[in-house]
Amino acid sequence: MGGRLHGGPSRSQVRAAEGPEVLAVGRRDRFFIVITTFNRAGYLSDLLDSIAVLDPAPEALVVVDNASTDTTAAVIGAAQDRLGALPRPIALHHHALASNVGGAGGFSAGVERALAEGAQWMWLMDDDVTAVPGAIGAFGPWMDKYDALVGRRYDTSGEPFFWQHNFSSFLGLHLPVRGDVFAHSNEFSTNVGCFEGMLVHRDAVASVGLPDPRFFITWDDAIYGWLIALKRPVMYVNEFVLHKVRAQRSVDLLIRHLNDSSDLSRFYVMRNRGLVAQYLRANGCYNPVGFALGTALTAAKELVRLVFVEKTLHGTGKLWAGWRASRPILADKQWQPMPELDL
């Protein structure tokens, strides 16, 4: 296996004019992968296998186990032994949670743990993907310039997965961008994130705080990318770094694909509109008329998903329940965003 990703000698030792020996950290050093998993031991095993052959390799992994009840713990234990026995060992930190706090809570805990372990870069991903062998090296040139990156993904059939959006603060909604965003450049400036492969530097995390666990699932990554983009560039780059491995039903809407969902997601996609509104308010971007329109468009998209992808109307009650649950959040005068971090 090749060396770790670095711009010069990794962790070269330097001596201060007066004082103890310290370690110099290069721009590309201390690369961690942060995975959130829940009851998908089979998918997780495949992902960890793909990480074992990454070249360059990460320094460490943090696997957040959202109180799984399947064989996830055994899979993580076996991977710890395997990764630790590599010629260049990769540390695997098993971060077990007492309860399922959703993807949002998992990534919040995972980023916090990675920072505590000394991470400089954190590549965030769900458990139902696998890594492209040269992915970390592919990120390298952009890591020298930016603090927040999203790479491209292959879908389950090996074709490019559509992901190119911009967040409209007027609507409180991320909208697909038409056309080939890489027609004239290998980088596309966006203002949303995606926790299925977003790479963030500790400086970006410090500026906006940890991912907000109050989202539980959905909207958390979009808002996190938007918050970062208010302070520094977020770049979607023309490098394929992940494979999606979980097959989903979908419908082609020409501009984008719409995948199947779940009642849990339907509830939270509407409930979390309250959190989206609060973040807009906190940053002076909330327009009640535009936001109401964005909420209506969100509900309409979910109805289209039900009818054309899942071919049912069962689930509309979850949309209504989620919208009702969003109202107290939106009306909360004491609400505060996640605090910045002093790193």
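Per this note's numbering, the sequence shown starts with residue 35, numbered consecutively. Cβ coordinates follow ideal geometry from the N, Cα and C atoms, glycine included.
| task | Over the uninterrupted alpha helix (DSSP H) stretch that includes Pro322, give me the two end residues. | result | Pro322 to Val338
| message | Going by beta-carbon coordinates alone, are Ala182 and Ala143 separated by less than 8 angstroms? | response | no
| field | Sequence-distant residues of its chain with Cβ nearer than 7 angstroms to Cys319 (five each side left out) | value | Ser203
| said: In the DSSP output, which residue or residues are listed as bridge partners for Ser223? | reply: Met269
| task | Following the continuous alpha helix (DSSP H) through Thr70, name the residue where it begins and the one where it ends. | result | That residue, Thr70, is in no alpha helix (DSSP H); its beta strand (DSSP E) goes Phe65 to Thr71.
| said: Among His277, Val135 and Pro167, whose alpha-carbon lies nearest the alpha-carbon of Asp189? | reply: His277
| said: Following a CB-centred definition, is Pro90 positioned closer than 7 angstroms to any heavy atom of the ligand FAD? | reply: Annotation note on the ligand FAD: not contained in the displayed structure, which lists no ligands.
| For His235, which beta-bridge partners are listed by DSSP? | Trp155
| For Phe196 and Phe216, the rounded distance between their alpha carbons | 12 angstroms
| Cβ of Val163 within 8 angstroms of Cβ of Val68? | no
| Do the region 337–348 and the region 203–213 touch if we need at least three Cβ pairs shorter than 8 angstroms? | no
| said: Strictly by DSSP, which residues pair up with Val97? | reply: Ile69 and His128
| query | What's the gap between the Cα of Val87 and the Cα of Pro167? | reply | 6 angstroms
| said: So the candidates are Asp63, Tyr77, Met269 and Ser133; which of them puts its Cα closest to the Cα of Ala281? | reply: Tyr77
| said: Let's test the definition: count the other Cβ atoms within 10 Å of the Cβ of His218 and tell me whether it reaches 16, buried, or not, exposed. | reply: exposed
| request: Kindly provide the ranges of any beta strand (DSSP E) runs that are 3 or more residues long and lie completely inside the region 157–219, ordered along the chain. | output: 163–165, 182–188, 199–202 and 207–210
| Quick one, are the C-beta atoms of Met269 and Leu158 less than 8 angstroms apart? | no
| said: Just to check my reading of the structure: Leu126 and Leu81 have Cβ atoms closer than 8 angstroms, yes? What is that Cβ distance to the nearest angstrom? | reply: Their Cβ separation, rounded to whole angstroms, is 12 angstroms, which puts Leu126 and Leu81 out of contact at 8 angstroms.
| said: If contact is defined by three or more beta carbon pairs under 8 angstroms, each pair taking one atom from either stretch, is the region 104–117 in contact with the region 134–141? | reply: no
| field | Alpha-carbon spacing of Pro371 relative to Ser241, whole angstroms | value | 12 angstroms
| request: In angstroms with no decimal places, state the Cα-to-Cα distance between Lys352 and Phe65. | output: 39 angstroms
| query | Do you know offhand how far Met177's Cα is from Arg61's? | reply | 7 angstroms
| said: Would Val310 and Gly185 be called neighbours here (beta carbons separated by less than 8 angstroms)? | reply: no
| query | Three-state secondary structure (DSSP) at Val275? | reply | strand
| Segment limits, alpha helix (DSSP H) that includes Val109 | Thr106 to Gly118
| task | Check the Cβ-Cβ distances between Ala125 and every residue of chain B, and say whether any is below 8 angstroms. | result | Here there is only one protein chain, and chain B is not present.
| request: Would you kindly work out how many angstroms separate the C-alpha atoms of Pro92 and Ile262, rounded to a whole number? | output: 23 angstroms
| message | Just to confirm my understanding: we take Ala117, look at its own chain, exclude 5 residues before and 5 after, and list those with CB closer than 8 angstroms. What are they? | response | Ala is not the amino acid found at residue 117; the sequence shown has Leu there. Same-chain partners within the cutoff: Leu82, Ile85, Ala86, Leu95, Pro123, Ile124, Ala125 and Leu126.
| Burial state of Ser102, where buried means 16 or more other Cβ atoms lie within 10 Å | buried
| Roughly how many angstroms lie between the CA atoms of Asp214 and Leu205, to the nearest whole one? | 24 angstroms
| Coarse secondary structure for Phe25, derived from DSSP in three states | Outside the displayed span of the chain (35 to 377) sits residue 25, for which this structure offers no information.
| Chain-order list of residues whose beta-carbon lies under 6 angstroms from that of Tyr180 (same chain, five-residue window excluded) | Pro267 and Met269
| said: Going by DSSP, what residue range makes up the alpha helix (DSSP H) through Pro373? | reply: Element bounds for Pro373: n/a, residue is neither H nor E.
| query | Straight-line CA distance for Val303 to Ile257? | reply | 13 angstroms
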